[in-house]
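Colleague: Quick one: the structure is below, and I'll ask about it shortly.
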Amino acid sequence: MEVLVVLAWAIVGIGCWIGYLLVKQNGRILLHLESLEQQLAELKNRPAPAIAAPQAAPSMPAGLPIGTPAPALTLPDLSGQQHSLSTWRGRHLLLIFFNPGCGFCRQMALDIAAMPLDDNSKPMPLLVSTGSAEDNRRMVEEHSIRCPVLLQQQMEVASQYRVSGTPIGYLIDEQSNIASDMATGAAALLELAAQSHAGQTHAGKAAPKVGHELTHSKIKRDGLSAGTPAPRFRLPQLDGGELALDEFRGRKVLLIFSDPGCGPCQQLSARLKEVWSPKSAVQILMVSRGDKEANLAKAKEHGLQFPIVLQKQWEISRLYAMFATPLGYLIDEHGVIASDVATGVEPILALLKKASEPVIREVARTA
1 MEVLVVLAWA
11 IVGIGCWIGY
21 LLVKQNGRIL
31 LHLESLEQQL
41 AELKNRPAPA
51 IAAPQAAPSM
61 PAGLPIGTPA
71 PALTLPDLSG
81 QQHSLSTWRG
91 RHLLLIFFNP
101 GCGFCRQMAL
111 DIAAMPLDDN
121 SKPMPLLVST
131 GSAEDNRRMV
141 EEHSIRCPVL
151 LQQQMEVASQ
161 YRVSGTPIGY
171 LIDEQSNIAS
181 DMATGAAALL
191 ELAAQSHAGQ
201 THAGKAAPKV
211 GHELTHSKIK
221 RDGLSAGTPA
231 PRFRLPQLDG
241 GELALDEFRG
251 RKVLLIFSDP
261 GCGPCQQLSA
271 RLKEVWSPKS
281 AVQILMVSRG
291 DKEANLAKAK
301 EHGLQFPIVL
311 QKQWEISRLY
321 AMFATPLGYL
331 IDEHGVIASD
341 VATGVEPILA
351 LLKKASEPVI
361 REVARTA
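Each residue of the sequence shown is one higher than the last, beginning at 1 in full-length UniProt numbering.
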């Protein structure tokens with residue numbers, strides 16, 4: 001009996017001890033929570049520290065700085081002879097990065113051909129081109145370009161000049177230093193080409209004034225305006241025989257200028273196959289350049305059913321005042337240009353859609 005009493009008191013004692021420990025631990029937790037609440041209150045009332053704005057990474061200049069030495073280059077010309085910039089040391093140069101497959105380059109090719117080579121008051125054009133030697137020779141012969149043309153394999157020289165497109169270029173002075181900001185596009189390059197050099201020529205005489213500036217070139221290259229009679233032409237068809245524009249008198253014609261080597265032209269051909277058929281109210285006539293076999297292959301690839309005629313070089317493009325592809329004109333039933341020039345895939349498709357809309361509405365009314 002006594003053992004049971006002792007055991008009972010022992011159990012009671014252990015329970016009391018455990019209860020004491022729990023109460024003590026709970027008190028510590030409450031104190032800790034109170035401390036945390038005080039710290040949070042202090043943080044709320046404390047003003048937020050100023051955070052320094054992150055510094056923007058320094059931007060790379062658009063081109064090489066004026067006054068820096070022009071990166072050295074050694075490249076072959078169209079005959080395979082090697083040249084470096086030192087070949088023309090003592091002359092002002094207009095260094096132009098070029099590509100015969102670039103529509104914007106082809107558009108300014110006639111201006112390049114007109115640039116003087118023997119006038120020391122004007123920069124001499126120097127083309128650094130990509131593409132095959134054959135394509136560049138064809139371009140030189142086509143436009144009667146007389147200035148030196150050097151060939152890079154890819155863009156190895158262009159990258160040294162921070163150039164990633166065409167046509168882009170710089171003026172380079174007699175000491176082979178960069179003498180202008182990077183000029184992007186034909187207009188900016190032609191503006192540089194028209195600049196006269198201040199001071200003396202190499203012979204010590206004042207630089208002569210030039211009476212004709214290339215920016216005032218008489219060659220029209222911005223397209224014919226709506227209301228202009230469409231220039232007439234007759235050209236060989238891709239599938240044999242000849243075809244004249246006059247044969248479509250009485251119908252609306254979407255005249256498209258294309259090239260089998262032009263990427264956007266191929267995109268346009270694929271889209272035209274989807275939206276045009278021989279039963280369409282608007283007749284499509286494509287004027288293309290290049291090799292007949294290449295054009296046949298592209299026509300077969302895209303399943304083109306509209307007539308395609310071939311110009312030898314740019315003779316018809318020149319009549320229509322544009323030297324690029326793809327582009328299009330809408331010609332009305334009377335042989336008059338009914339729209340300003342549309343350049344690029346989407347504008348040409350929009351022109352076709354707009355020309356077809358009145359016919360679509362008339363069909364819907366009579367149905």
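Using N, Cα and C, we set each Cβ at its ideal position, and we do this for glycine too. The structure displayed is predicted, hence computed values, not measured ones.
Would Val275 be called buried (16 or more neighbouring beta carbons within 10 Å of its own) or exposed?
Modeller: If you number the sequence shown from 1, residue 275 lands on position 275. That one is exposed.
Colleague: Which residue marks the beginning of the beta strand (DSSP E) containing Leu268, and which one marks its end?
Modeller: Sequence index remark: in the sequence shown, residue 268 carries index 268 (1-based). Where Leu268 is concerned, there is no enclosing beta strand (DSSP E), although the alpha helix (DSSP H) it sits in stretches over Gly263 to Val275.
Colleague: When DSSP labels each residue in this structure, what does Ser288 get in the three-state scheme?
Modeller: To locate residue 288, count along the sequence shown from 1; it is residue 288. It is a strand residue.
Colleague: Just to confirm before moving on: does the CB-CB distance between Asp332 and Lys252 stay below 8 Å?
Modeller: The residue you call residue 332 lines up with position 332 of the sequence shown. The residue you call residue 252 lines up with position 252 of the sequence shown. Result yes, Cβ atoms of Asp332 and Lys252 sit closer than 8 Å.
Colleague: Thinking C-alpha only, which one of Arg146, Ala179 and Val149 is nearest residue 401?
Modeller: Absent from the model: residue 401. The displayed extent of the chain is 1 to 367, so no value can be given.
Colleague: Note down, in chain order, each residue of its chain lying with its Cβ closer than 6 Å to the Cβ of Gln200, except the 5 sequence neighbours on either side.
Modeller: Residue numbering aside, residue 200 sits at position 200 when the sequence shown is read from its first letter. In this prediction, Gln200 scores a pLDDT of 36, lower than 50, which makes its location untrustworthy; the coordinate-derived value is nonetheless stated afterwards. Here the set comprises nothing.
Colleague: Does DSSP put Ala133 in a helix, in a strand, or in coil?
Modeller: For the purposes of this step, residue 133 is taken as the residue at position 133 of the sequence shown. Three-state result, Ala133: helix.
Colleague: Is any beta-carbon of chain C found at less than 8 Å from that of Gly67?
Modeller: No chain C is part of this structure, which consists of one protein chain only.
Colleague: DSSP has Lys252 in a bridge; who is on the other side?
Modeller: Taking the sequence shown and counting its residues from 1, one reaches residue 252 at position 252. Lys252 pairs with Val282.
Colleague: Tell me the DSSP secondary structure of Asn120 in three-state form.
Modeller: Walking along the sequence shown from the start, residue 120 turns up at place 120. Looking at Asn120 - three-state DSSP - the assignment turns out to be coil, as it is neither helix nor strand.
Colleague: Using the C-alpha atoms, what's the distance from Asp111 back to Ala188?
Modeller: Locating residue 188 in the sequence shown gives position 188, where the first residue counts as 1. Locating residue 111 in the sequence shown gives position 111, where the first residue counts as 1. Rounded to whole angstroms, Ala188 to Asp111 spans 13 Å at the Cα level.
Colleague: Could you tell me which residues DSSP puts in a beta bridge with His83?
Modeller: Residue mapping note: residue 83 aligns to position 83 of the sequence shown, counting from 1. BP columns for His83 point to Leu75.
Colleague: Using a 10 Å radius around the Cβ and a threshold of 16 neighbouring Cβ atoms, would you call Pro143 buried or exposed?
Modeller: Reading the sequence shown from its first residue, position 143 is the one you call residue 143. Strictly speaking, residue 143 in this sequence is His, with Pro absent from that position. When all chains shown are included, His143 counts as buried.
Colleague: Taking Gly103 as part of the alpha helix (DSSP H), name the residues at either end of that continuous run.
Modeller: Reading the sequence shown from its first residue, position 103 is the one you call residue 103. It spans Gly103 to Gln107 - the alpha helix (DSSP H) in which Gly103 sits, taken as one unbroken run.
Colleague: With 16 other CB atoms within 10 Å as the buried threshold, where does Ile360 fall?
Modeller: Looking up residue 360 in the sequence shown gives position 360. Confidence is the limiting factor: at Ile360 the pLDDT is only 43, short of 50, which leaves the residue's position unreliable, though a coordinate-based value still follows. Exposed, by the Cβ-count rule.
Colleague: Could you please give me the residues that DSSP links to Leu151 through a beta bridge?
Modeller: For this step, residue 151 is matched to residue 151 along the sequence shown. DSSP lists Ser129 as partners of Leu151.
Colleague: Can you check whether the CB of Thr130 is closer than 8 Å to the CB of Met155?
Modeller: Position 155 of the sequence shown, counting from 1, holds the residue named residue 155. Position 130 of the sequence shown, counting from 1, holds the residue named residue 130. Result yes, Cβ atoms of Met155 and Thr130 sit closer than 8 Å.
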